[in-house]
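One structure below.
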Amino acid sequence: MSVQYHLKLAPGDVAPYVLLPGDPGRVPLVASLWDESHEVASNREYVTFTGTYRGVPISCTSTGIGCPSTAIAMEELARVGATTFVRIGTCGTFQDRVRNGDMAIFDSAARYDGASRLYAPLEFPAVADHEIVGASIAAGEALGYPFHVGTTRSADTFYAMHPRPGSSFNDYWQSSWRDHFEDLKRLNVIAAEMEASVILVLARIWGLRAGGIAVVLDNVLRVSGASGEFDPQDQFEHGGDEIERLARMGSEIVRIVAERDAARDPHDVNPA
Amino acid sequence: MNLQYHVKLAPGDVAPYVLLPGDPGRVPVVASYWDEAREVARNREYVTYTGTYRGAPISCTSTGIGAPSTAIALEELARVGATTFVRIGTCGSLQTRASVGDLAIFDSAARSDGASRLYAPLEFPAVADHGVVTATIEAARSLDVTHHVGTTVSTDVFYTPQEGVAFGGYHQSWAREIYEDARRQNTLAVEMESSIVMVLTRIWGLRGGAMAVIADDVFAMVDEGGAFDAEATFDVGAAQMERLARVGSETVRVLAERDAAAPPPTGTV
Chain A
1 MSVQYHLKLA PGDVAPYVLL PGDPGRVPLV ASLWDESHEV ASNREYVTFT GTYRGVPISC
61 TSTGIGCPST AIAMEELARV GATTFVRIGT CGTFQDRVRN GDMAIFDSAA RYDGASRLYA
121 PLEFPAVADH EIVGASIAAG EALGYPFHVG TTRSADTFYA MHPRPGSSFN DYWQSSWRDH
181 FEDLKRLNVI AAEMEASVIL VLARIWGLRA GGIAVVLDNV LRVSGASGEF DPQDQFEHGG
241 DEIERLARMG SEIVRIVAER DAARDPHDVN PA
Chain B
1001 MNLQYHVKLA PGDVAPYVLL PGDPGRVPVV ASYWDEAREV ARNREYVTYT GTYRGAPISC
1061 TSTGIGAPST AIALEELARV GATTFVRIGT CGSLQTRASV GDLAIFDSAA RSDGASRLYA
1121 PLEFPAVADH GVVTATIEAA RSLDVTHHVG TTVSTDVFYT PQEGVAFGGY HQSWAREIYE
1181 DARRQNTLAV EMESSIVMVL TRIWGLRGGA MAVIADDVFA MVDEGGAFDA EATFDVGAAQ
1241 MERLARVGSE TVRVLAERDA AAPPPTGTV
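This is the structure:
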């Protein structure tokens, strides 16, 4: 098989377990926590490192922002042998009980993206593999990180759909946005980010495994100022170690999943 | 609080853990496997028994067929104190790996129902509680019941508008390949109630899950003459119903045991 068109990866370049941050700049940071690693490809927004973490083969590939580029990453990673996908990202929250710096573990996603509905109708659920959810809970408990398990909203827009004019350029606004965030809060949605839905839908329809975690940077109901203005550079809190904790928890999830996979009885007709 | 309008239940009548079959006739059958049980209410398609199973408080309420009557059952059960809902039903299989008599454990549902979208937009996922999924797997394993974990499609129509299925040859072009497409989406089974159970429990911060015994292969339903005879095709034997009742009851016991050791923290639902 030739090298994949966008990711520039060939079979053998990645481990079965792949961490998926959005930002290519975070890939070397994630890999710096591993026993050893090397860059195997870099093209457009897609950077891939492969190595081992506590003895487990692991890769990390950036997806870029949004579901279209993430769908391409998933398609090409699956073709070169990836079977288990764990998104590691940042998110906002809709819930008062979720605080900045907490971890959100996604067992499902609300599909406010375009790419996933070109693969499967909107009725179809974006659901994480329960083994990845279980390993994420175990990793959060082992590391002592506060976490919340629930549904994320994966949307194609970052600056749109805020409750008041001011988030989109030039005060562009739509009345249908007014109660959107409050409605999601009432739906018990815990997070807002931009990639989980397509990762969960694609892994499910292919019979592969996926899950996701994100560190909470802010409560999206409070990010807009009195005038509705939204300045993420100013308002999103990066205290310094959020990304390191995210990388550590993601790597631990892979280690736990790999350990449980190795303990599985290959003749068990009920693998669970 | 007054008696609930449809299910005729008051606070104290049900356990926090409720099994949800569709058929009111199955409620006493399910309860027959418990340590003790009594009928607490009966109205329309809603029959409720409450008792204990291996020491765990448990109830069983029938929902009737479909998401509309199931939504009413959930609304009223939650008002009288139910917090954990486990659907136990029958389904058709969409995958060759899942055979008649096997148990399908649903971690999620495709929302081809009407009621759930009046509560939440279609973007919102119908997803089971993680703890209920793992408890169901544990229960099935402990009872040595062959099972499969996956997505169900919960549909509002039993007689899908396909040739030979709906009355009088009525069919629609969009329905011709819906189950082949669902099979390609890796959907495990078809039934009629799981989506509303999962959506409502999720938005209320409660716990929901679902399992169903496979009664038939959806692609073998229509016979060679092109006819669909549900009575002849769906054969749910007493042994299958017993397994369903036992795995459902055992799921409740596993959850009650875990909850006693560590109550589910609020905010991690």
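One line per chain: the protein sequences are A and B, in this order.
As numbered in my numbering, residues 1 to 272 make up the first sequence, in order.
As numbered in my numbering, residues 1001 to 1269 make up the second sequence, in order.
All residues carry an ideal CB built from backbone N, CA and C; glycine is no exception.
Exercise for review: Please work out which residues of its chain come closer than 6 Å, Cβ to Cβ, to B/H1171, disregarding the five sequence neighbours upstream and downstream, and give them in chain order.
Suggested key: The sequence position of residue 1171 of chain B within the second sequence is 171, counting from 1. Around B/H1171: P1161, Q1162 and E1163.
Exercise for review: Kindly indicate the opening and closing residues of the alpha helix (DSSP H) around B/A1135.
Suggested key: On the second sequence, position 135 is the one that residue 1135 of chain B refers to. H1130 to S1142 is the extent of the alpha helix (DSSP H) around B/A1135.
Practice item. Can you have a look at A/R117 and say buried or exposed, based on whether 16 or more other CB atoms are within 10 angstroms of its CB? Key: The residue labelled residue 117 of chain A in the question sits at position 117 within the first sequence. By the 10 Å Cβ count, A/R117 comes out buried.
Review point. If we cut at 9 Å on Cβ distances, does B/L1255 have a partner in chain A?
Key: The residue you call residue 1255 of chain B lines up with position 255 of the second sequence. By this cut-off, B/L1255 is not an interface position.
**Study point:** Test: A/W38 CB closer than 9 Å to a CB of chain B
**Key:** As a working note, residue 38 of chain A is residue 38 in the first sequence. Per the sequence presented here, residue 38 of chain A reads as His, with Trp not at that position. For A/H38, the answer is no, since every Cβ of chain B falls outside 9 Å of its Cβ.
Review point. Which residues in the same chain as B/Y1119 place their Cβ atom closer than 7 Å to its Cβ, once the five residues preceding and following it in sequence are excluded?
Key: Locating residue 1119 of chain B in the second sequence gives position 119, where the first residue counts as 1. The answer, listed in chain order, is V1199, L1200 and I1203.
Exercise for review: Work out the CA separation of B/N1186 and B/V1018 for me, nearest whole Å.
Suggested key: Here residue 1018 of chain B corresponds to residue number 18 of the second sequence, with the count starting at 1. Here residue 1186 of chain B corresponds to residue number 186 of the second sequence, with the count starting at 1. Approximately 29 Å between the Cα atoms of the pair.
Check your understanding: Identify the residues that DSSP records as bridge partners of B/G1051: which are they?
Key -> Looking up residue 1051 of chain B in the second sequence gives position 51. B/A1037 and B/I1058, per the DSSP bridge assignment.
Point to revise | Chain-ordered chain A contacts of B/A1126 [CB-CB under 7 Å] | key: For the purposes of this step, residue 1126 of chain B is identified with residue 126 of the second sequence, where counting begins at 1. Those within 7 Å of B/A1126 in chain A are P125.
**Study point:** Where the segment 1088-1117 of chain B meets chain A: residues whose CB sits under 7 Å from a CB there
**Key:** D1107, S1108, A1109, A1110, R1111 and S1112
Review point. Would you say the segment 243-261 of chain A touches the segment 173-181 of chain A, given that touching needs at least three Cβ pairs under 8 Å?
Key: With the rule of 3 Cβ pairs closer than 8 Å, the segment 243-261 of chain A does not count as touching the segment 173-181 of chain A.
Exercise for review: Output yes if chain A places a C-beta closer than 9 Å to the C-beta of B/G1267; else output no.
Suggested key: For the purposes of this step, residue 1267 of chain B is taken as residue 267 along the second sequence, with counting starting at 1. Per-residue confidence for B/G1267 stands at a pLDDT of 39, beneath the threshold of 50, marking its modelled position as unreliable; the derived number appears in the next sentence. Interface residue, yes.
Review point. Which of helix, strand or coil does DSSP assign to A/S136?
Key: For this step, residue 136 of chain A is matched to residue 136 along the first sequence. If DSSP states are grouped into helix, strand and coil, A/S136 belongs with the helices.
Point to revise | Residue ranges of each beta strand (DSSP E) within the segment 181-260 of chain A, 3 or longer | key: Complete beta strand (DSSP E) runs here, min 3: 191-193 and 209-219.
Review point. From B/V1080 to B/V1252, what does the alpha carbon distance come to, in whole angstroms?
Key: By one-based count along the second sequence, residue 1080 of chain B stands at place 80. By one-based count along the second sequence, residue 1252 of chain B stands at place 252. Rounded to whole angstroms, B/V1080 to B/V1252 spans 18 Å at the Cα level.
Exercise for review: Could you name the residues of the same chain whose beta carbon sits closer than 6 Å to that of A/S168, not counting the 5 residues immediately before and after it, in chain order?
Suggested key: Taking the first residue of the first sequence as position 1, residue 168 of chain A is located at position 168. If we look at A/S168 and ignore the five residues flanking it on each side, its Cβ neighbours are Y159 and A160.
Review point. In terms of alpha-carbon separation, which member of B/R1258, B/A1238, B/P1263 and B/E1250 lies closest to B/T1090?
Key: Here residue 1090 of chain B refers to the residue found at position 90 when the second sequence is read from its first residue. Nearest C-alpha to B/T1090: B/A1238.
Practice item. Could you tell me the distance, in whole angstroms, from the CA atom of A/I253 to the CA atom of B/A1067? Key: Here the question's residue 253 of chain A lines up with position 253 in the first sequence. Here the question's residue 1067 of chain B lines up with position 67 in the second sequence. Approximately 36 Å between the Cα atoms of the pair.
Point to revise | Chain-ordered chain B contacts of A/G114 [CB-CB under 8 Å] | key: Translated into the one-based positions of the first sequence, residue 114 of chain A becomes position 114. Ordered by position in chain B, no residue passes the 8 Å Cβ test against A/G114, which lies about 11 Å from the chain.
Exercise for review: Tell me whether B/R1250 is buried or exposed, calling it buried when 16 or more other Cβ atoms sit within 10 Å of its Cβ.
Suggested key: Residue 1250 of chain B sits at position 250 when you count from the first residue of the second sequence. Position check: residue 1250 of chain B holds Glu in this sequence, whereas Arg was assumed. The residue is buried, with at least 16 neighbouring Cβ atoms inside 10 Å.
Point to revise | Cβ shell of B/A1212 (< 6 Å), same chain only, five flanking positions each side left out | key: Taking the second sequence and counting its residues from 1, the one referred to as residue 1212 of chain B is at position 212. If we look at B/A1212 and ignore the five residues flanking it on each side, its Cβ neighbours are G1089, T1090, C1091, A1104 and E1191.
Exercise for review: Using the Cα positions of B/V1269 and B/G1114, report the straight-line distance between them to the nearest angstrom.
Suggested key: Along the second sequence, read from residue 1 onward, the residue named residue 1269 of chain B stands at position 269. Along the second sequence, read from residue 1 onward, the residue named residue 1114 of chain B stands at position 114. Confidence is the limiting factor: at B/V1269 the pLDDT is only 41, short of 50, which leaves the residue's position unreliable and the question unanswerable from this model.
Exercise for review: May I have a chain-ordered list of the alpha helix (DSSP H) segments no shorter than 4 residues that lie completely inside the segment 1161-1240 of chain B?
Suggested key: The alpha helix (DSSP H) runs of length 4 or more contained entirely in the segment 1161-1240 of chain B are, from start to end of the chain, 1178-1184, 1194-1204 and 1230-1233.
Practice item. Using a Cβ-Cβ cut-off of 9 Å, state whether B/L1122 counts as contacting chain A. Key: Position 122 of the second sequence holds residue 1122 of chain B. B/L1122 counts as touching chain A.
Review point. Run through DSSP, which three-state label would B/S1069 get?
Key: Position 69 of the second sequence, counting from 1, holds the residue named residue 1069 of chain B. Helix, per DSSP.
**Study point:** B/V1157, buried or exposed, once every other Cβ within 10 Å from all chains shown has been counted against 16
**Key:** As a working mapping, residue 1157 of chain B is identified with position 157 in the second sequence. B/V1157 comes out exposed.
**Study point:** As assigned by DSSP and simplified to three states, the class of A/R79
**Key:** Your numbering for residue 79 of chain A matches position 79 in the first sequence. Helix.
Practice item. For A/I65, name the three-state secondary structure that DSSP assigns. Key: Position 65 of the first sequence, counting from 1, holds the residue named residue 65 of chain A. Note: A/I65 maps to coil in three-state DSSP.
Check your understanding: Does the count of Cβ pairs from the segment 84-96 of chain A and the segment 203-216 of chain A closer than 8 Å reach three?
Key -> yes
Exercise for review: Provide the residue span of the beta strand (DSSP E) that contains B/Y1017, from first to last.
Suggested key: In the second sequence, counting from the first residue as 1, residue 1017 of chain B sits at position 17. Start and end: Y1017 to L1020.
Point to revise | Selected residue, minimal CA-CA separation from B/V1236, among B/V1040, B/G1051 and B/R1026 | key: Residue 1236 of chain B sits at position 236 when you count from the first residue of the second sequence. If we check each option's Cα against that of B/V1236, B/R1026 comes out closest.
Point to revise | Alpha-carbon to alpha-carbon, B/R1087 and B/L1020 | key: The residue you call residue 1020 of chain B lines up with position 20 of the second sequence. The residue you call residue 1087 of chain B lines up with position 87 of the second sequence. Put simply, the backbone Cα of B/L1020 is about 4 Å away from that of B/R1087.
Point to revise | Cut-off 7 Å between Cβ atoms - residues of its own chain near B/T1083, not counting five sequence neighbours on either side | key: Stepping through the second sequence from its first residue, residue 1083 of chain B is reached at position 83. The answer, listed in chain order, is P1016, L1206 and R1207.
Review point. Does the segment 96-106 of chain A touch the segment 145-157 of chain A, meaning 3 or more C-beta pairs lie closer than 8 Å?
Key: yes
Point to revise | C-beta atoms of B/L1074 and B/V1197 nearer than 9 Å | key: Locating residue 1074 of chain B in the second sequence gives position 74, counting from the first residue. Locating residue 1197 of chain B in the second sequence gives position 197, counting from the first residue. Yes, Cβ-Cβ distance for B/L1074 and B/V1197 is below 9 Å.
Review point. Which of helix, strand or coil does DSSP assign to A/H162?
Key: The residue given as residue 162 of chain A occupies position 162 in the first sequence. It is coil, neither helix nor strand.
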